[in-house]
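There are 2 protein chains.
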Amino acid sequence: MFSNSAKYAIKAVLYLAVNSSEEHKIMIKDLAKPINVPRHYLAKLLQDLSKKHLVSSIKGPKGGFYLSAKNRKEKVIDIINAVDGEERMKACLLSLEGCNANNPCSLHHLIYDERQAILKNLNKTSLDHLAEHIKSGKSILPL
Amino acid sequence: MFSNSAKYAIKAVLYLAVNSSEEHKIMIKDLAKPINVPRHYLAKLLQDLSKKHLVSSIKGPKGGFYLSAKNRKEKVIDIINAVDGEERMKACLLSLEGCNANNPCSLHHLIYDERQAILKNLNKTSLDHLAEHIKSGKSILPL
DNA sequence: AAAAAAATATGACTTAAATCATATTTAAGA
DNA sequence: TCTTAAATATGATTTAAGTCATATTTTTTT
Ligand code: FES
Ligand code: FES
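Chains as they are written, first to last, in the numbering used here: chain A, -5 to 137; chain B, -5 to 137.
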């Protein structure tokens, strides 16, 4: 469903949503350990997200990564799409080209509605919102 | 969601469900072309499914692959699990180990119910049933 | 201004998935 | 029984995803 990279990115961004702020930036090495993601790989991912303005970063001493107020308003789907590309979540399950309701592949009926529902959920849920869930103990931040 | 291999396997098995019978076996080369799957790769996949008794095959001249009556009763999920392993469809989306309702990861609530619904659909739908759909024009067999 | 600490940029390496190739076995038909 | 046509078995090659390493740039602190 998601690539490994997207999973890593989500974990990292949520960790930042819960633990960082403009006044409390987090260095890559202090982020990689708790979420259990290879350090250099994570660096690459975050640099990419930073370039796309989905996370904030400051170089140099006292620098690090954090989420700005604006970053926190982003939806989960935006992180996923930034990493995996827009297509991955929308593509036909059997990778058929002309997938639509008029030309449904054999698995379409077994999956399409639920898939749309998931998309909708990912589209409407902000990082902020998930961070609140985590803080209030409704869900956990995975290792 | 599914691996490339699983997609190929589903396409192949459905093609066999629609077009083959014990009296009309299909050779690998005549199967690979219409469903647009690399020939040798497909051979490997089907040999594996054959070993697991999910498809039937006969060697030698006049031989080929086909689906027996029993094969046709198998559920879609069985094909998927045979190729991708039992775990893949059940694993936590963020690859967390102790994923369950008591210990839900941050995305759990956004996806779990829909995912279960999909699983249920794949679990109850037989190849036979999908083949009927295709024959009656309710869905198509993808290239 | 110099030194140090951080992200950034670039690229090399490794691993697993996907693809391709070939030799072997089995069964049919002449 | 011999030839031929098919699946089967095994393994090599390629490609893409994931991982690791290092040099560069930027900013802070002294
Ligand atoms: S046509 Fe394949 S999922 Fe819609
Ligand atoms: S805990 Fe991750 S999907 Fe259930």
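C-beta atoms are modelled at their ideal positions from N, C-alpha and C, and glycine is treated no differently.
| message | Among the candidates A:80, A:24, A:134 and A:88, whose CA atom is the shortest distance from the CA of residue 1 (chain B)? | response | A:88
| Chain-ordered neighbours of residue -4 (chain B) on chain A, where CB pairs are closer than 7 Å | In chain order: 87.
| said: As a quick exercise: from A:44, A:55, A:101 and A:83, pick the residue whose alpha carbon is nearest that of residue 64 (chain A). | reply: A:44
| task | Please list, in chain order, all residues of the same chain as residue 20 (chain B) whose beta carbon is under 6 Å from its beta carbon, the five residues on each side excluded. | result | 14, 58 and 59
| task | Check whether the Cβ of residue 90 (chain A) sits closer than 7 Å to any heavy atom of ligand 1, and report yes or no. | result | Of the heavy atoms belonging to ligand 1, at least one sits nearer than 7 Å to the Cβ of residue 90 (chain A).
| request: Kindly confirm or deny that the segment 93 to 101 of chain A and the segment 44 to 54 of chain A touch, where touching means at least three C-beta pairs closer than 8 Å. | output: no
| request: Could you work out which residues of chain A lie near residue 111 (chain B), taking near to mean beta carbons separated by less than 7 Å? | output: 108
| Helix, strand or coil for residue 18 (chain A) per DSSP? | strand
| residue -1 (chain A) in three-state terms, based on DSSP | helix
| query | Rounded to the nearest angstrom, how far is the Cβ of residue 68 (chain A) from that of residue 121 (chain A), given a contact under 8 Å? | reply | 6 Å
| said: Following a CB-centred definition, is residue 102 (chain A) positioned closer than 7 Å to any heavy atom of ligand 1? | reply: yes
| query | Near residue 117 (chain A), what residues of its chain come up, given a Cβ to Cβ distance below 7 Å and the 5 sequence neighbours on each side ignored? | reply | 69 and 71.
| query | Looking at residue 55 (chain B) and ligand 1, is the gap between the Cβ and the nearest heavy atom below 7 Å? | reply | no
| query | What did DSSP end up calling residue 44 (chain B) once you bin it into helix, strand or coil? | reply | helix
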